[in-house]
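Each residue of the sequence shown is one higher than the one before, counting from 147 in the working numbering.
Below is one structure, written out as structure tokens; comments come after it.
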Amino acid sequence: MTTDTATPQQHEFQTETRQLLKLMIHSLYSNKEIFLRELVSNASDAADKLRFLSIQNPGLLDGDADLAVDLVVDSAAGTLTIRDNGIGMSRQDMVDNLGTIARSGTKAFMEQLSADAKKDAQLIGQFGVGFYSAFIVADRVTVTSRKAGETEAHVWESTGEGSYSLEPADKASRGTDVTLHLREDEKEFLEEHRLRHLVRKYSDHIGLPVRLKIGDKDSETLNKAAALWTRPKAELTDDDYTGFYTHLSHDPAKPLTWAHQRVEGNLSYISLLYIPSVAPFDLWDRDKSRGLQLYVKRVFIMDHGAELLPAYLRFVRGLVDSDDLPLNVSRELLQGNRNVEKLKAALTKRVLDLLDDMAKNKPEDYGKFYDVFGAVLKEGLVEDTVNRERIAKLCRFESTASTDGSRVSLTDYVARMPEGQSKIYYVTADTPAAARAVPHVEGFRKKGWEVLLLTDRIDEWVVMHLPEFDGKALESCATGGADLDSAIATPEKEKIETEFAPLLARIGTALGAKIESAKVSSRLVESPACLVAPDYGMSRRLEKILKQAGQAAPALPPVLEINPDHPFVTRLQNATDDAEFGDLAAILYDQSVLAEGGQLEDPAAFVRRLNALILSGAKPAGEASRIIVS
Ligand code: ADP
């Protein structure tokens with residue numbers, strides 16, 4: 147090689163790396179011991195990668211299959227070395243992995259930095275930039291590495307201040323040595339009891355031995371060295387499970403709950419599934435790969451096994467270790483593999499069981515879960531026809547029966563339906579406050595019937611895919627359904643309809659193509675009018691959402707329902723002048739659009755009409771109070 151000369155080459159860190167290093171050292175200082183967890187975890191990943199690649203290429207092991215991590219203390223030199231015999235790094239690997247943060251999330255990460263040390267420290271964990279934590283305790287870090295299957299080795303060195311050097315090195319065997327030249331006041335990390343304690347605390351569950359070697363003493367294995375999920379449940383404490391969760395997920399928050407299961411039979415596997423308590427920053431990023439870790443017969447195969455759980459359970463973290471898949475399974479093979487499908491069905495059921503259990507036995511935790519992931523879970527109503535009923539039972543909605551923002555289940559709703567109510571009624575809007583204020587709900591409230599307030603965007607699709615629950619149809623308060631009308635109608639309805647027929651016809655003429663027709667409403671109490679989607683038409687909110695998303699929505703004109711008891715309607719009835727009648731009808735229409743949270747086609751005209759109406763005061767109808775609209 148001519149490029150790697152005897153003088154070390156200096157390389158500049160990527161700007162982002164530099165910023166990150168600085169931040170890392172400052173914000174993580176209060177929790178500096180985590181550097182060991184991060185470096186041991188990297189070493190363990192390196193061993194996993196080697197084990198995986200050696201399935202296809204056994205030569206890579208080169209007669210040394212005892213994978214382990216050694217912590218080597220040199221008190222005289224003041225160094226701690228984390229040594230592994232894993233996959234190792236080539237020169238280019240070192241440039242890519244240690245000199246840059248080549249992760250797509252880096253930019254997003256930098257944007258989210260808040261200068262709040264505690265929050266930033268949590269972010270660092272989520273984004274997995276663990277190697278750099280070495281600089282919290284070391285003023286110089288030397289990485290010597292030789293990649294499995296190669297003969298050349300290289301040494302990378304940096305003080306963490308803007309540049310690093312890279313040059314050829316001698317190394318007898320494959321793997322990586324990360325040597326920390328500890329800062330003067332961090333020499334505690336050379337002490338046996340400190341290291342022993344840290345390895346127990348953070349790395350007990352790692353599936354390979356972590357050994358300690360101090361000076362000339364024999365090395366000693368510090369951890370259990372058995373992958374946590376292979377150990378019997380009875381042996382494991384809550385701390386073991388949460389510690390393993392941190393290792394697996396990089397999520398510093400504790401999980402809400404978990405399920406650890408060993409299944410033997412025609413499908414044999416171990417699963418360890420966690421329900422997190424906080425959402426990852428990119429929960430809604432569709433391109434983000436996620437999913438469980440997949441192991442086959444204890445060998446790590448892949449992160450993000452997206453085929454192992456449906457998308458609506460993408461918040462679940464954990465792993466599955468299968469005995470029935472081939473070791474050389476690839477992503478392509480996972481798709482359409484019958485065992486994988488069976489596994490997916492079983493894991494889905496397991497997660498739903500876990501959620502059921504939490505909902506029943508720890509409702510407060512379930513509430514926390516639902517706050518964060520409820521909208522994701524609801525996608526299951528659309529996506530998973532097999533488990534729809536179960537998922538519906540797990541859903542929670544705000545309703546007119548509660549004012550404090552608490553949610554009800556469909557089961558509770560049905561249980562307290564009064565005599566005479568045969569359906570589950572709901573209204574959709576952008577916020578619970580807006581939903582409560584929608585005129586369509588007034589009649590139901592007066593009658594004492596509970597209405598569910600659906601405010602997630604996904605809810606429009608949910609109601610399309612959930613036509614009924616427990617034998618009760620779901621119906622919107624804002625559709626023109628005839629049975630809804632008769633359900634809440636008063637006995638005098640027919641009489642009123644005949645009486646109002648001429649007014650309705652006149653409104654129809656005045657508003658023209660804007661409405662399908664005008665009707666007398668049973669659902670209004672305080673409001674003068676509301677718009678309802680015609681029978682079998684698309685809901686008006688869905689229409690709005692589709693339009694916002696730039697999709698064509700076949701807009702059918704709505705039905706305008708009027709409140710026969712409202713003074714505004716009386717005023718309409720008394721308007722003899724056609725122009726005045728037209729303006730009043732237009733205002734009635736526009737305010738109905740506003741009341742359901744819609745946008746006016748011509749807001750300026752609405753304002754002019756309204757002002758003219760207000761300024762006309764008590765003047766008698768006629769020429770004098772004519773409203774001039776351009
Ligand atoms: P992460 O571990 O979350 O990917 P790090 O900053 O800790 O992020 O490490 C960056 C990359 O450097 C790793 O993804 C890996 O490719 C490489 N690396 C770090 N430590 C080792 C090691 N001991 N052996 C081999 N590769 C390593």
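For each residue, glycine too, the CB sits at the ideal point set by N, CA and C.
Source: prediction; values computed, not measured.
Using a threshold of 7 Å, is the CB atom of Asn231 nearer than that to any non-hydrogen atom of the ligand NAD?
Here the bound small molecules are the ligand ADP; the ligand NAD is not part of this structure.
For the alpha helix (DSSP H) containing Ile760, name the first residue and the last one.
Counting along the chain, the alpha helix (DSSP H) containing Ile760 begins and ends at Pro749 to Leu761.
Does the segment 640 to 660 come within contact of the segment 532 to 551, defined as at least 3 CB pairs closer than 8 Å?
Segments in contact, no.
Exposed or buried, what is Pro585 when buried is set at 16 or more other beta-carbons lying within 10 Å of its beta-carbon?
Under this definition Pro585 is a buried residue.
Bridge-paired residues (DSSP) for Arg229:
Bridge partners of Arg229: Asp216 and Asp323.
With respect to 7 Å, is the separation between the Cβ of Thr322 and the closest non-hydrogen atom of the ligand ADP below this value?
Remark: the C-beta of Thr322 is in contact range of the ligand ADP, defined as less than 7 Å to any heavy atom.
Note down the Cα distance separating Gln156 from Ala214, rounded to an integer number of angstroms.
In this structure, the alpha-carbon of Gln156 lies about 32 Å from that of Ala214.
In three-state terms, what does DSSP make of Pro713?
Three-state result, Pro713: helix.
From what residue to what residue does the beta strand (DSSP E) around Gln694 run?
Run containing Gln694: none in the beta strand (DSSP E); it sits in the alpha helix (DSSP H), Arg686 to Gln694.
Does at least one heavy atom of the ligand ADP sit under 7 Å from the Cβ of Phe181?
Checking the Cβ of Phe181 against the ligand ADP gives no.
Between Ala405 and the rest of its own chain, which residues show a CB-CB distance below 7 Å, the 5 nearest in sequence each way excluded?
Here the set comprises Leu419, Arg496 and Leu500.
Considering only residues of the same chain and omitting the five flanking positions on each side of Leu688, which have a CB-CB separation below 6 Å?
These residues qualify, in order along the chain: Glu606.
In this structure, does DSSP put Ile352 in helix, strand or coil?
In this structure, Ile352 counts as coil in the three-state DSSP scheme.
Work out the CA separation of Trp595 and Ala425 for me, nearest whole Å.
Near 35 Å, if we compare the C-alpha coordinates of Trp595 and Ala425.
If you count every other CB in all the chains shown that lies within 10 Å of the CB of Arg484, and 16 or more means buried, which is it?
Counting C-beta atoms within 10 angstroms of its own C-beta, Arg484 has fewer than 16 neighbours from the protein chains shown and is therefore classed as exposed.
When you compare each of Asp711, Ala675, Ala280 and Ile708 to Leu740 by their alpha carbons, which one comes out closest?
If we check each option's Cα against that of Leu740, Ala675 comes out closest.
For the ligand ADP, is there a heavy atom less than 7 Å away from the beta-carbon of Phe446?
Answer for Phe446: no, Cβ out of range of the ligand ADP.
Does the separation of the CB atoms of Ile228 and Leu244 fall below 8 Å?
In this structure, Ile228 keeps its C-beta atom at 8 Å or more from the C-beta atom of Leu244.
Does the beta carbon of Tyr310 fall short of 7 Å from some heavy atom of the ligand ADP?
Short note on Tyr310: C-beta not closer than 7 Å to any heavy atom of the ligand ADP.
Under the three-state DSSP convention, the category Met563 falls into:
The DSSP-derived three-state label of Met563 is coil.
Examine the ligand ADP and report whether any of its heavy atoms sits within less than 7 Å of the Cβ of Phe461.
Checking the Cβ of Phe461 against the ligand ADP gives no.
Is the number of C-beta pairs between the segment 287 to 297 and the segment 306 to 320 that are closer than 8 Å three or more?
Using a Cβ-Cβ distance cut-off of 8 Å, the segment 287 to 297 and the segment 306 to 320 are in contact, since at least three pairs of beta carbons, one from each stretch, lie closer than that value.
Trp404 by DSSP, collapsed to three states: which one?
Three-state DSSP puts Trp404 in a strand.
Quick test of your reading: Leu677 and Glu742, contact by CB under 8 Å. State the CB separation rounded to the nearest angstrom.
Confirmed, about 6 Å.
Quick check: His611 and Leu527, are their CB atoms within less than 8 Å of each other?
Between His611 and Leu527, the CB-CB gap stays under 8 Å.
Nearest-angstrom Cα distance between Asn757 and Ala721?
Taking the straight line from one Cα to the other gives about 18 Å.
Would the segment 199 to 211 and the segment 305 to 312 be scored as touching if the rule is three or more Cβ pairs under 8 Å?
Remark: fewer than three beta-carbon pairs, one from each stretch, lie closer than 8 Å, so the segment 199 to 211 and the segment 305 to 312 are not flagged as touching.
Can you look up Val424 in the DSSP assignment and give me helix, strand or coil?
Collapsing the DSSP output to three states places Val424 in coil.
Should Glu621 be counted as a contact of the ligand ADP given a C-beta to heavy atom distance under 7 Å?
Judged by the Cβ position, Glu621 fails to qualify as a neighbour of the ligand ADP at the 7 Å threshold, every heavy atom of the ligand being at least this far.
Taking 7 Å as the cut-off, does the CB of Gly234 come closer than this to any heavy atom belonging to the ligand ADP?
Because some heavy atom of the ligand ADP lies under 7 Å away, the Cβ of Gly234 counts as near it: yes.
Note down the Cα distance separating Asp397 from Asp550, rounded to an integer number of angstroms.
Cα to Cα, the separation comes out at about 31 Å.
According to the Cβ coordinates, are Pro578 and Glu544 closer than 8 Å?
Contact check for Pro578 against Glu544 passes: the beta carbons are separated by less than 8 Å.
Hey, could you find the ends of the beta strand (DSSP E) Phe449 is sitting in?
First, the amino acid is wrong: residue 449 is Asp here, not Phe. Its beta strand (DSSP E) spans residues Val445 to Gly451.
Hey, is Gly132 close to the ligand ADP, as in C-beta under 7 Å from one of its heavy atoms?
The requested residue 132 does not occur in the structure, where the chain is confined to residues 147 to 776.
Inter-residue Cα distance where the pair is Asp386 and Ile416
Ile416 has its alpha-carbon roughly 17 Å from the corresponding atom of Asp386.
Considering Phe181, what are the terminal residues of the alpha helix (DSSP H) in which it resides?
It spans Ile180 to Gln202 - the alpha helix (DSSP H) in which Phe181 sits, taken as one unbroken run.
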